[in-house]
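I have placed the structure first, in the form of structure tokens, so that the comments after it can refer back to it.
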Amino acid sequence: MSTEGASLVAGAKQWASYYGDFPNGVEGAVLTAPLRCRAAWDANDAEGFASLFIDNGSMLVGDNQLMSRDEIRSYLGELFAGPYKGSRLALEFSEIQVVSESMALAVSVGGVVYADAAALAPGDNVRIMWVVVKQDGDWRIASYQSSPVTG
């Protein structure tokens, strides 16, 4: 296998591991939305991240309540140009609850890994509640709420 082929296989295996206990079925489909958010964050792509939200989607981060794609895009754009430049997300999904055919809740633990760090700093752990809805056949984010994990 060529070096490029081996790299593609390694990347595919890495991404497959992100599904954890939820690789198949509806739960796996639900996770495509937060995992696409993760990919956009890892690329420091504020536009790509915001585009994964429904029109009136919201994001609560710290004390910042962002109420639209435009607010999410603007907020992350500033962070990716500043303190979060080169950062990536580390996430592990611990729970998925399918509420209906078009709505699910997912819970992840993890946080922002800064550009100069190899791993998530112990004090930077957050729990994220993802409200995911199916819209026009695609799973999208309706709400993202993060909260620090302490103790």
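For the sequence shown, UniProt numbering assigns the number 1 to the initial residue and increments by one for each residue that follows. Glycine is no exception: its CB is placed at the ideal position from the N, C-alpha and C atoms. Bear in mind the structure is a predicted one, so any value in this text is a computation, not a measurement.
To the nearest angstrom, how far is the alpha carbon of residue i from that of residue j?
i: valine 99; j: phenylalanine 53; result: 18 Å
i: valine 149; j: leucine 66; result: 21 Å
i: glycine 25; j: lysine 134; result: 14 Å
i: methionine 129; j: cysteine 37; result: 13 Å
i: valine 61; j: aspartate 136; result: 27 Å
i: phenylalanine 49; j: alanine 121; result: 23 Å
i: leucine 79; j: serine 102; result: 32 Å
i: aspartate 55; j: serine 74; result: 15 Å
i: aspartate 92; j: serine 68; result: First, the amino acid is wrong: residue 92 is glutamate here, not aspartate. One C-alpha to the other measures close to 26 Å.
i: arginine 127; j: glycine 110; result: 7 Å
Which whole-angstrom value is the C-beta distance of residue i and residue j, which I expect to be below 8 Å?
i: isoleucine 141; j: glycine 28; result: Contact flag wrong, Cβ pair sits at about 16 Å.
i: alanine 33; j: valine 132; result: 5 Å
i: isoleucine 96; j: valine 30; result: 6 Å
i: valine 112; j: leucine 76; result: That belief does not hold up - the Cβ atoms of valine 112 and leucine 76 are roughly 11 Å apart, past 8 Å.
Can you name the residues that DSSP bridges to residue i?
i: phenylalanine 80; result: Phenylalanine 80 pairs with nothing; no bridge assigned.
Should residue i be labelled buried (16 or more other beta-carbon atoms within 10 Å of its own) or exposed?
i: alanine 104; result: buried
i: alanine 106; result: buried
i: alanine 119; result: exposed
i: serine 94; result: exposed
i: serine 108; result: buried
i: glycine 123; result: exposed
i: residue 152; result: Outside the modelled stretch of the chain, which goes from 1 to 151, sits residue 152, for which no answer is possible.
i: alanine 40; result: buried
i: asparagine 44; result: buried
Closer than 6 Å to a non-hydrogen atom of the ligand FAD - does that hold for the CB of residue i?
i: valine 149; result: The model depicted lacks the ligand FAD and carries no ligand whatsoever.
message: In chain order, what are the residue ranges of uninterrupted beta strand (DSSP E) at least 3 long that sit wholly in the UniProt domain "SnoaL-like" (40 to 149)?
response: 53 to 61, 64 to 66, 88 to 100, 103 to 113, 126 to 135 and 138 to 148
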